[in-house]
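Read left to right, the sequence shown gives residues 1 to 802 (the UniProt record's numbering).
Everything on this sheet refers to the single structure shown next.
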Amino acid sequence: MIKTSYISCACNRLPHTADWGSNNLICYAANNAVAIYDPEAKKFGSVLSTLHAHSDRVNVVRWIRPRFLKAETEFLSASSDGTAIIWNATDLKAGSFKPTDILRINEPTTICDAIYFSSNPSDLLICTGSIDGDFRFWLRVGDQEIEPTQILNFSKKLPIEARLALLQSQHGENPNPLLLLAMEDSTILLYSTTCNKVNDSNQKKIGDFVKVQTLVGHEDWVTCIDYFLTDSNDLFIATGSQDNTIRLWKISSCTNNQSAIDETGELKHKKQNFFIHNREYEIILESILSGHDAWIYEVHWHPAIEVNGRRSQPMKLLSCSLDKSAIIWEPSGSAGIWSEIMRVGEVGGNSSGFYGCKFGPNGKSILTHGYHGSFHMWNYQEKSQGWVPRTAPSGHFAGVVDLCWDPKGRFLLTASIDQTTRVHAPWPQENGEESWHEIGRPQIHGYDMSCLAMLKPYMFASGAEEKVVRIFIVPLTFKNYLERITDDVDEFNADTMAEGASVPALGLTNKAVLDDEPNDIKSQNNQIENSRNINYDEPPLEEELVRGTLWPELQKLYGHGYEIFSMAARHDGTLLATSSKSTSAEHAAIILWNTKSWSQAQKLSAHQLTVTQLAFSPNDKYLLSVSRDRRWALFINCENEKYELLVISSKKDSLHTRIIWCCAWTNDSKYFATGSRDGKVGIWSANINKDETPSPVTDLHVNDSSVTALAFAPLEAQDKFFYILAIGYESGSIDVRKIHQIDNQESYDWVQLAFLQSSSAHQSTVKRLAFRPQHKTQQKNVIQLASCGSDSVVKIHDILLE
1 MIKTSYISCA CNRLPHTADW GSNNLICYAA NNAVAIYDPE AKKFGSVLST
51 LHAHSDRVNV VRWIRPRFLK AETEFLSASS DGTAIIWNAT DLKAGSFKPT
101 DILRINEPTT ICDAIYFSSN PSDLLICTGS IDGDFRFWLR VGDQEIEPTQ
151 ILNFSKKLPI EARLALLQSQ HGENPNPLLL LAMEDSTILL YSTTCNKVND
201 SNQKKIGDFV KVQTLVGHED WVTCIDYFLT DSNDLFIATG SQDNTIRLWK
251 ISSCTNNQSA IDETGELKHK KQNFFIHNRE YEIILESILS GHDAWIYEVH
301 WHPAIEVNGR RSQPMKLLSC SLDKSAIIWE PSGSAGIWSE IMRVGEVGGN
351 SSGFYGCKFG PNGKSILTHG YHGSFHMWNY QEKSQGWVPR TAPSGHFAGV
401 VDLCWDPKGR FLLTASIDQT TRVHAPWPQE NGEESWHEIG RPQIHGYDMS
451 CLAMLKPYMF ASGAEEKVVR IFIVPLTFKN YLERITDDVD EFNADTMAEG
501 ASVPALGLTN KAVLDDEPND IKSQNNQIEN SRNINYDEPP LEEELVRGTL
551 WPELQKLYGH GYEIFSMAAR HDGTLLATSS KSTSAEHAAI ILWNTKSWSQ
601 AQKLSAHQLT VTQLAFSPND KYLLSVSRDR RWALFINCEN EKYELLVISS
651 KKDSLHTRII WCCAWTNDSK YFATGSRDGK VGIWSANINK DETPSPVTDL
701 HVNDSSVTAL AFAPLEAQDK FFYILAIGYE SGSIDVRKIH QIDNQESYDW
751 VQLAFLQSSS AHQSTVKRLA FRPQHKTQQK NVIQLASCGS DSVVKIHDIL
801 LE
C-alpha cells in the first residue's frame with residue numbers, strides 16, 4: 001500500500017489559474033496538472049492531490065458553480081495542448097476527481113467557462129477560446145456526450161477573456177444565457193441566444209448566439225470579468241483592464257415608460273438597451289474604480305451567503321494587480337460611491353505583483369497568487385477587525401532537479417531550475433500526524449540549479465549552471481524553526497552561527513550577518529529585520545521565506561571548466577565529489593574536495609563524457625559514477641584514504657546500450673544499481689576484483705520508458721538477498737519493486753509492491769528519488785520516499801510494508 005503524504009507545487013504564472021469554491025477547496029494549475037488544495041486540512045492546509053490528464057501547460061482552471069448556494073462538484077480546465085476537460089468529484093473530501101468529458105479544440109486554449117443553464121444540474125453550457133481566434137460553444141444535456149454547437153470567428157480580432165452568465169427571463173421560463181466577451185480592441189461584446197426552450201422530442205436546445213450589444217469605455221485590454229445576481233435579479237458586472245481601472249456595469253430588465261430624467265430633474269446614468277426574446281434590458285455604467293497603479297489581472301465578487309434561509313449577495317469586490325496589491329472595494333453612503341476599504345500586498349521586494357485573487361467561501365479569507373507561483377492568504381479576524389496573513393501552499397515554479405535528506409531525516413532539501421533551493425519539514429500536529437511545509441529557502445540564486453548534497457548536519461553544497469560549487473551553512477533563523485519541530489538539535493553551536501544572511505545588490509553571494517555587527521548596519525539589512533519578526537509558532541509565510549530564511553555562504557570551490565552537473569558527499573562529511581558538463585575526458589574528471597581545508601584532495605579520471613550521477617556507498621568504501629558514455633565506474637578507498645579506480649564497465653558487452661542516468665547503493669554497501677535510457681536496471685555486486693569483467697547479478701528490462709532515478713530503501717541488511725528498489729521513469733511514473741533471490745537458485749524475482757501513475761507521481765521526468773533515513777516520527781512498517789521531477793513538483797510517499 002502506498003499513499004502520498006506531501007505535495008509541493010507552485011501555481012502557473014498566468015491569470016485565472018486558481019479558483020476557490022464554496023466547497024472550500026482551491027483548484028489551481030500546476031504545470032500540466034491541476035492541484036487540489038484544502039486550506040483546512042492538517043491545521044495549516046495541504047495539497048490533497050494532483051490531477052493529470054493534460055499533456056501541456058494548464059492555462060485556465062474554474063469551478064463550475066451550481067445555483068442555490070450548493071457546493072461545487074465539477075470544475076473545468078483548459079490547456080495549451082488544445083483540450084478542455086471537465087472533472088467530476090469521486091471523493092470531494094480526499095480531493096479525488098476524474099475527467100468525465102474532454103473537449104478537443106486542437107489549438108492552445110486560453111479561455112474557458114461553463115454554466116448550468118437549466119434546473120437540471122447536468123445541463124451544461126461551455127465556451128472555449130483559442131489562440132487562433134476561434135470561439136466555440138459546447139452543450140451537455142443530461143447524461144449525453146458533450147457536442148459542439150457553434151463557432152464564432154472574429155476575423156483578425158482576438159478574444160481576450162469570456163464569462164457566461166444567466167439573465168432573468170419572464171413567466172418562469174428558463175434564464176437567458178448571456179456571453180460577456182472581451183476583445184483585443186478593449187470592447188466587451190454581449191452575445192445571447194435566439195431561442196432557449198424544450199422542443200417536441202423533450203430535448204433542451206440552445207439556439208445560436210448573436211451579438212446584442214457592445215460595452216465601450218476601457219482604454220486597454222480587458223483581462224478579467226466577474227458578475228453576480230443581485231437580490232432583485234439584476235446582473236452586476238465588474239471588468240478589470242490593463243488601463244489600471246475597474247468598471248462596474250448593471251444589466252436589468254426594463255420597465256415601461258422609463259425616462260432619462262428622474263423626478264428631481266437630474267440626468268440619470270447613460271444607458272444602453274438590447275432585446276432578448278422580445279424582452280428589453282438596459283445597461284448602466286455604475287462606477288469606475290481607480291486605485292491600482294498597474295495592470296489589473298483579476299476581479300472577484302464576494303460569494304453569496306445565506307441569510308435567514310435566503311440567498312443574499314454582499315456588495316464587496318476584490319481586485320488584484322501587478323502593483324503587488326489586492327484591494328477590497330465597497331459602496332459607502334447613500335450615494336453608493338465605491339471606495340477602498342482594505343488593501344493588502346507587498347511593498348518593495350523583487351516580486352512582480354499578483355496574477356489572481358479570490359475570496360474564500362464565506363468572504364472571511366483572501367487568496368492571491370503571483371509571478372513566482374507563490375500564494376498569499378489572509379484571514380479576517382473579528383477580534384482585531386483586521387486581515388492577518390496565514391500559511392499558504394508553496395513550491396518550486398520550474399523543474400526540480402535534485403533532492404537530498406538531512407542525515408537524521410529531519411528535513412528534505414530540494415533544488416530547482418527556478419534558481420532556488422528549499423527546505424521541507426514536518427510540522428508537529430496535535431494528533432501526531434505529520435503536516436509537511438516549506439520552512440526555509442537557503443539559496444535564491446542567479447543561475448538555474450543543477451545539483452546539491454548534504455555535507456553534514458546543517459551544511460550543504462550546491463551546483464548550478466556556473467563553474468562554481470557553493471557551500472552553505474545554517475543560520476539562527478533555521479535553528480529556531482528546527483527547535484520548534486524537533487528536539488533533536490544537539491549539533492547546533494549558536495555561538496558560532498550567523499544571525500542570518502543577505503544578498504547585496506547585483507550580487508549572488510549570501511553574506512552572513514553576525515550578531516556583533518553594529519546596529520546601524522543591521523538596520524540597513526531588511527533580511528535580518530524580517531528574520532527577527534518571524535512568528536515561529538506557525539509555518540513561515542511566503543514573505544518570510546523570501547526575506548528571512550537565507551543561509552550564509554561559507555565557501556566557493558573553483559576547479560571545473562564547465563557548468564556543475566552532479567555531486568555527492570561522503571556520509572562522514574569529509575569529502576565532496578563533483579562533476580561538470582563535458583564532451584572530453586579532460587573535463588569529465590571527478591574532483592574530490594576536502595571539506596576541512598576546502599582544497600582539492602583528488603582528481604579521478606574514468607569517463608569520456610559528462611558524469612550524470614555520483615554516489616558514495618553507505619560505508620564510504622566505494623565511490624560510484626555513471627556517465628553519458630554508457631559506462632559506470634567503481635572507485636575504492638585505499639589505505640591512504642585515496643580513491644582508486646577498481647573497475648569500469650565495457651561499452652561493447654555491457655548491459656546498458658544508452659546513456660546511464662542514475663545509480664544507487666543498497667544499505668549494506670554490498671550491491672549497487674544502475675539505470676539507463678534504454679529502460680534497463682542492473683544490480684551489480686561491489687565485491688569484484690580489479691581484473692574481473694563485471695556482469696549484473698540480476699537485471700530488469702522496461703521497454704516503454706527510460707530509467708531516470710533509482711533509490712534503495714534503508715532496510716536493515718539480511719542474511720539473504722532482499723532489497724526494495726524505487727525506480728523513476730522519464731514518463732513520470734514510479735515503480736517500487738522487492739528484489740529477492742529465489743531459494744537455492746541463481747535466479748532473482750522482481751516483485752512489484754506499488755506502481756504510481758503520473759497523477760500520483762509526476763507528469764514528466766522523475767529527476768531524483770530518495771528514501772528518508774529512519775526517523776522516530778515515522779510509523780512502524782512505513783518507509784517514506786521523496787521524489788521530484790521536471791514538472792516542478794516535490795512529493796513524499798508513504799509505503800506500508802506488510
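Backbone N, C-alpha and C define an ideal beta-carbon position, used for all residues, glycine too.
Please read all numbers here as calculations on a predicted model, not as lab measurements.
Can you give me the C-alpha to C-alpha distance between residue i and residue j, rounded to a whole angstrom?
{"i": "L179", "j": "I225", "result": "11 Å"}
{"i": "R484", "j": "L181", "result": "51 Å"}
{"i": "S599", "j": "K556", "result": "10 Å"}
{"i": "H300", "j": "Y37", "result": "19 Å"}
{"i": "A392", "j": "E542", "result": "8 Å"}
{"i": "S760", "j": "L51", "result": "8 Å"}
{"i": "E802", "j": "I724", "result": "13 Å"}
{"i": "D81", "j": "A786", "result": "29 Å"}
{"i": "F722", "j": "H740", "result": "4 Å"}
{"i": "S5", "j": "N32", "result": "21 Å"}
{"i": "E282", "j": "M183", "result": "21 Å"}
{"i": "L190", "j": "R658", "result": "58 Å"}
{"i": "I7", "j": "I102", "result": "26 Å"}
{"i": "S462", "j": "L514", "result": "23 Å"}
{"i": "I206", "j": "L229", "result": "21 Å"}
{"i": "A686", "j": "L645", "result": "13 Å"}
{"i": "S650", "j": "W63", "result": "56 Å"}
{"i": "I85", "j": "S747", "result": "47 Å"}
Could you tell me which residues DSSP pairs with residue i in its beta bridges?
{"i": "E161", "result": "A182"}
{"i": "A577", "result": "A568 and L592"}
{"i": "I305", "result": "S312"}
{"i": "V782", "result": "L800"}
{"i": "T368", "result": "C357 and H376"}
{"i": "W329", "result": "L317 and E340"}
{"i": "V34", "result": "A29 and L51"}
{"i": "W249", "result": "I237 and L285"}
In three-state DSSP terms, what is residue i?
{"i": "Y562", "result": "coil"}
{"i": "G446", "result": "coil"}
{"i": "Y748", "result": "strand"}
{"i": "K479", "result": "helix"}
{"i": "I146", "result": "coil"}
{"i": "V546", "result": "helix"}
{"i": "R484", "result": "helix"}
{"i": "T194", "result": "coil"}
{"i": "T187", "result": "coil"}
{"i": "T765", "result": "coil"}
{"i": "N256", "result": "In this prediction, N256 has a pLDDT of 44, which is less than 50 and means its spatial position is unreliable; what the coordinates show is noted afterwards. N256 falls in the coil class under three-state DSSP."}
{"i": "T496", "result": "helix"}
{"i": "Y729", "result": "strand"}
{"i": "Q774", "result": "coil"}
{"i": "W551", "result": "coil"}
{"i": "Q272", "result": "strand"}
{"i": "D520", "result": "Caution applies to D520, whose pLDDT of 47 falls short of 50 and renders its modelled position unreliable; the model cannot decide the point."}
{"i": "N59", "result": "strand"}
{"i": "H701", "result": "strand"}
{"i": "R279", "result": "strand"}
{"i": "R470", "result": "strand"}
{"i": "R630", "result": "coil"}
For residue i versus residue j, is the C-beta distance shorter than 7 Å?
{"i": "E298", "j": "C320", "result": "yes"}
{"i": "S676", "j": "H701", "result": "no"}
{"i": "A453", "j": "A606", "result": "no"}
{"i": "T698", "j": "G728", "result": "no"}
{"i": "E286", "j": "L322", "result": "no"}
{"i": "I276", "j": "S192", "result": "yes"}
{"i": "L554", "j": "I473", "result": "yes"}
{"i": "G732", "j": "Q763", "result": "yes"}
{"i": "P15", "j": "Y227", "result": "no"}
Report task. Pick out the complete beta strand (DSSP E) segments inside the segment 634-679, 3 residues or longer, and give them in chain order. Result -> 643-648, 660-665 and 671-676
Query - Uninterrupted beta strand (DSSP E) stretches inside the segment 402-462 (no shorter than 3 residues) - result: 412-416, 420-428, 434-444 and 449-456
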